[in-house]
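Below: the structure, in structure tokens.
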Amino acid sequence: MTTVTQSPHPLRALVESGNHEGIEELLHPDVQFRSPAVHTPYEGRETCLHLLGHVVEVFEDFRYVDQIDTGNRTGLVFRANVTAPDGTTKAVEGWDYLTHDEEGKITEFVVMARPLSGLIALAQAMGARLEADPVPKG
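Under my numbering, the sequence shown is numbered contiguously, ending at residue 1226.
Here you go:
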């Protein structure tokens, strides 16, 4: 069996350290953020940061459990919990699929999540937060 040791992606390193301040520097100004619950991608660094600011509040016990690197793409597999509107805790497994430019800036940030019960709880929690604090119009 071959063991491959890789450095954690800079986003993973920041999230795991609890330091979210450096995330802005990782994002390309025109980054596209693709949500698992919304068809149309969100555009731009400030919008992405706004969304991620809410995501870190919605996810509980968030942790990356795997990383897959291939060329200019990185897949970060995560697990977390989300509290549903009825107060129950729903488990979420997901995948942050990142595309980078030649400078290493994230140009596309795609989030996928499962199972459906966890995705629904995530969408409801994010929807409530974004209703109270909408994405800024750019």
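C-beta atoms are modelled at their ideal positions from N, C-alpha and C, and glycine is treated no differently.
Using alpha carbons as the reference points, say which of the options lies closest to residue i.
| i | options | result |
| --- | --- | --- |
| residue 1223 | 1134, 1204, 1213 | 1134 |
| residue 1124 | 1154, 1101, 1180 | 1180 |
| residue 1183 | 1096, 1156, 1116 | 1156 |
| residue 1160 | 1099, 1173, 1194 | 1194 |
| residue 1209 | 1190, 1174, 1103 | 1174 |
| residue 1138 | 1172, 1109, 1101 | 1109 |
| residue 1198 | 1205, 1112, 1128, 1098 | 1128 |
| residue 1172 | 1211, 1190, 1094 | 1211 |
In the DSSP assignment, what are the bridge partners of residue i?
| i | result |
| --- | --- |
| residue 1201 | 1182 |
| residue 1122 | 1198 |
| residue 1115 | 1194 |
| residue 1131 | 1120 |
Express the C-alpha separation of residue j and residue i in angstroms, rounding to a whole number.
| i | j | result |
| --- | --- | --- |
| residue 1167 | residue 1114 | 22 Å |
| residue 1148 | residue 1187 | 25 Å |
| residue 1185 | residue 1201 | 11 Å |
| residue 1218 | residue 1192 | 29 Å |
| residue 1221 | residue 1215 | 10 Å |
| residue 1207 | residue 1162 | 22 Å |
| residue 1196 | residue 1122 | 8 Å |
| residue 1099 | residue 1205 | 27 Å |
| residue 1151 | residue 1106 | 11 Å |
| residue 1130 | residue 1158 | 24 Å |
| residue 1176 | residue 1144 | 18 Å |
| residue 1190 | residue 1094 | 19 Å |
If contacts are defined as beta-carbon pairs under 8 Å, then residue i and residue j qualify, I think. What distance do you get, rounded to the angstrom?
| i | j | result |
| --- | --- | --- |
| residue 1119 | residue 1132 | 7 Å |
| residue 1178 | residue 1170 | 5 Å |
| residue 1117 | residue 1104 | Wrong, their Cβ atoms sit about 25 Å apart, outside the cutoff. |
| residue 1146 | residue 1213 | 5 Å |
In the segment 1135-1188, which residue ranges form an unbroken beta strand (DSSP E) of at least 3 residues, counting only runs that do not cross its ends?
Note on the segment 1135-1188: whole beta strand (DSSP E) runs with a minimum of 3 residues are 1148-1158, 1161-1171, 1177-1188, in chain order.
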